[in-house]
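S.K.: Handing you this structure, nothing more for now.
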Amino acid sequence: MDLRTFHARTYAKHLGRLFVFEPTWDSFRPISNIGWDGKNYAPSDSEYTSNVFCPHYGFASLEEKKICSDMVESTNLDNVSEILDAVEFWRWAGLQQKTEWFRDRPCVFLTPCSPRNWKQYLVYEQSRPRTVRRPPRGSRTTRRSKRLVTGRVL
1 MDLRTFHART YAKHLGRLFV FEPTWDSFRP ISNIGWDGKN YAPSDSEYTS
51 NVFCPHYGFA SLEEKKICSD MVESTNLDNV SEILDAVEFW RWAGLQQKTE
101 WFRDRPCVFL TPCSPRNWKQ YLVYEQSRPR TVRRPPRGSR TTRRSKRLVT
151 GRVL
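Taking full-length UniProt numbering, the leading residue of the sequence shown gets 1, the next gets one more, and so forth.
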């Protein structure tokens, strides 16, 4: 089993499937997708949580519920490596084919109806737009810096 932390949630990949650790349930639970829902990254578990009165709510079957409880007993959640970049996380989760271009970067949306609020996405990611018009910070060229780089007197 492979564990990763992404935006304060612990995810697991086991037998080719994705799981998320729910601290309120004290258990892993299966998910089908992780994507941007307009405010943050959220797991998609709609196929497992559609029937509220099901005895194994949040799981596909009773056997899967047992697998998730065994996963909690056999794993150590203390030293899990963290992934900071969303693109790297989707690569780890195997969701590259679900990515769409969102302005200047790839993104996985939770549903096709997820709002595409660019400014809120940048604030959540704590990044800036990547454009040709806006050079990176600290790259301003002055006469003095040109002289130091080229060695010529201007």
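A virtual CB, placed ideally from N, CA and C, is assigned to each residue, including glycine.
Identify whether residue 113 lies in helix, strand or coil by the three-state DSSP scheme.
M.R.: For the purposes of this step, residue 113 is identified with residue 113 of the sequence shown, where counting begins at 1. Coil.
S.K.: Going along the chain, which unbroken runs of the beta strand (DSSP E) with 3 or more residues stay wholly within the region 39-68?
M.R.: As far as the region 39-68 is concerned, its whole beta strand (DSSP E) runs of at least 3 residues are 41-44.
S.K.: Considering residue 119, what are the terminal residues of the alpha helix (DSSP H) in which it resides?
M.R.: In the sequence shown, residue 119 corresponds to position 119, counting from 1. 118-125 is the extent of the alpha helix (DSSP H) around residue 119.
S.K.: DSSP three-state label for residue 74, please.
M.R.: Start at 1 with the first residue of the sequence shown, and residue 74 comes out as number 74. If DSSP states are grouped into helix, strand and coil, residue 74 belongs with the helices.
S.K.: On the three-state DSSP scale, how would you describe residue 108?
M.R.: As a position in the sequence shown, residue 108 is number 108, starting the count at 1. Note: residue 108 maps to coil in three-state DSSP.
S.K.: Taking the straight line between their C-alpha atoms, what separation do you get for residue 46 and residue 34?
M.R.: Here the question's residue 46 lines up with position 46 in the sequence shown. Here the question's residue 34 lines up with position 34 in the sequence shown. Each residue's Cα considered, the two are about 12 Å apart.
S.K.: Ordered along the chain, which non-local residues of its own chain (more than five positions away) have a Cβ less than 7 Å from that of residue 62?
M.R.: Position 62 of the sequence shown holds residue 62. Correct list, in chain order: 56.
S.K.: By Cβ distance, which residues of its chain are closer than 8 Å to residue 83, with the 5 residues on each side in sequence left out?
M.R.: Your numbering for residue 83 matches position 83 in the sequence shown. Excluding positions up to five away in sequence, the list reads 4, 5, 6, 89, 92.
S.K.: When the Cα atoms are used, what is the spatial distance from residue 13 to residue 131?
M.R.: Counting from one through the sequence shown, the residue named residue 13 turns up at place 13. Counting from one through the sequence shown, the residue named residue 131 turns up at place 131. The alpha-carbon atoms of residue 13 and residue 131 are separated by roughly 35 Å.
S.K.: First and last residue of the beta strand (DSSP E) that includes residue 29?
M.R.: The residue given as residue 29 occupies position 29 in the sequence shown. Taken as a continuous stretch (DSSP letters only), the beta strand (DSSP E) holding residue 29 covers 27-31.
S.K.: Counting beta carbon pairs with one atom in the region 12-26 and one in the region 70-80, are three or more of them shorter than 8 Å?
M.R.: Segments in contact, yes.
S.K.: Closest Cβ-Cβ distance between residue 32 and chain D: below 8 Å?
M.R.: Of the protein chains in the structure, only one exists, and it is not chain D.
S.K.: Beta strand (DSSP E) containing residue 82: first to last residue?
M.R.: Sequence index remark: in the sequence shown, residue 82 carries index 82 (1-based). Segment: none, residue 82 is in no beta strand (DSSP E) and carries neither H nor E.
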